[in-house]
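Enquirer: In my numbering, the protein residues as written are 685 to 972.
The structure follows.
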Amino acid sequence: MTPPDYEYLRKLLKDQSGLDLSADKQYLIESRLAPLARKAGLAGIAELVQRMKTGSTSLVAQVVEAMTTNETFFFRDKVPFDHFRQSIMPEILKARVARRSIRIWCAAGSTGQEPYSLAMCLKEMDSQLAGWRVEVIATDLSQEVLEKSKAGLYSQFEVQRGLPIQLLVKYFKQTGEFWQINPELRAMVQHRRLNLLHDFSGLGTFDVIFCRNVLIYFDQDTKINIFNRLCKAMEPDGFLVLGAAETVVGLTDAFKPCSDKRGLYRPNDPRVVKAPAAVPRIAAAAGM
């Protein structure tokens, strides 16, 4: 891969997905895009770049999907799900007793392990949620991973990573070499294709937002912009859950950390929130 090809791909990925690759990540592009080039019958990444430059929007979309598909597994990092069960839901149940409805958003939900982990937590609280309307919205940039999430079909390796055996037996059915989540649990999760760089106000407002392990790939200005827009998409007494390596501290006043609860944040008093940055102007790929 030539330096100009690498710079073209870096700019395209940042414009399309927010992925901010440093100058030393050429190996990552080569490892993820070389198989894509072969699958498309191209000689290599140089020819892949040339096709995109001449207007192949389908290849642009495939390149973005290949570079933004990240690892995930059931109940990843455990702590956020402990917060959900022990801190978030008890407080939300008290605060929403009049309207008896809860909305939860999994931003960058990938292949579904995170939203289905939350759905299992909610299912375990069935007696407390009787008569309540509960919505779990899972979004992702990649249509491919959304389709896998919708199917709810996972390999033995995938269900062994983080999923307690009692929940596997309770909520999954073995189908050949795979395990499928039962229809009732799949029906709890709605799927939408969404680019976090674009306007997401149409999703409405949420009581809880999980936005984990995605903002680490964005530059500072993009993070600030997304945080400020996430705050607008949240109820004033809602909760934001970030990944272990992510924080709002030093970036925005829109949220404040919950003391002694790593990765958990709440909207700040609107009087102390600075005016949000303008939404980045993004040239979207076709179909995104």
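We put the beta carbon where it would ideally sit given N, CA and C, even for glycine.
What do you get for E861, buried or exposed, if any count of 16 or more other CB atoms within 10 angstroms of its CB means buried?
Expert: E861 is exposed by the Cβ-count criterion.
Enquirer: Nearest by alpha-carbon distance to R913: which of D891, E930, Y711 and L880 is it?
Expert: Closest by alpha carbon: L880.
Enquirer: Identify whether G922 lies in helix, strand or coil by the three-state DSSP scheme.
Expert: Of the three classes helix, strand and coil, the one that applies to G922 here is strand, per DSSP.
Enquirer: Taking L720 and A750 to be in contact with their CB atoms under 8 Å, please state how far apart those CB atoms are, rounded to whole angstroms.
Expert: Indeed, because the Cβ distance is near 5 Å, the residues count as touching under 8 Å.
Enquirer: For I849, count the other beta carbons within 10 Å of its own beta carbon; 16 or more makes it buried, fewer makes it exposed. Which is it?
Expert: Flag for I849 reads exposed.
Enquirer: Measure the alpha-carbon distance for A792 versus L830 and round it to whole angstroms.
Expert: Whole-angstrom Cα-Cα distance: 10 Å.
Enquirer: What residues in its chain sit with their C-beta under 7 Å from that of L703, if we drop five residues either side in the sequence?
Expert: So the list reads L697, M751, T752 and Y901, once near-sequence residues are dropped.
Enquirer: What separation, rounded to the nearest whole angstrom, lies between the Cα atoms of L926 and H767?
Expert: Cα to Cα, L926 sits roughly 12 Å from H767.
Enquirer: Our contact map puts R769 next to G846 with C-beta atoms below 8 Å; I'd like the distance itself, whole angstroms only.
Expert: Contact doesn't hold; Cβ gap of about 15 Å is too wide.
Enquirer: Expressed to the nearest angstrom, what Euclidean distance is found between the alpha-carbon atoms of V733 and H882?
Expert: If you take the alpha carbons of V733 and H882, they lie about 25 Å apart.
Enquirer: Please report the residue range of the alpha helix (DSSP H) in which Q904 lies.
Expert: Q904 -> alpha helix (DSSP H) spans Q904 to K916.
Enquirer: Applying the criterion that 16 or more other CB atoms from any shown protein chain within 10 Å of the CB defines a buried residue, is F890 buried or exposed?
Expert: Buried.
Enquirer: Please name the residue, chosen from R716, R783 and C805, that lies closest to L869 on a Cα-to-Cα basis.
Expert: Minimum Cα distance to L869 is reached at C805.
Enquirer: Pull up the CB-CB distance for C942 and L948, whole angstroms please, since I reckon it's below 8 Å.
Expert: The Cβ separation is near 4 Å, so the contact holds.
Enquirer: With respect to the beta strand (DSSP E) encompassing D824, which residues constitute its N-terminal and C-terminal limits?
Expert: Segment R817 to D824, the beta strand (DSSP E) holding D824.
Enquirer: Using only CA atoms, which one of V820, L852 and K762 lies nearest to R787?
Expert: Comparing Cα-Cα distances from R787 to each of V820, L852 and K762, the minimum goes to V820.
Enquirer: Is the distance from the Cβ of F939 to the Cβ of F894 below 9 Å?
Expert: The answer is no: Cβ separation not under 9 Å.
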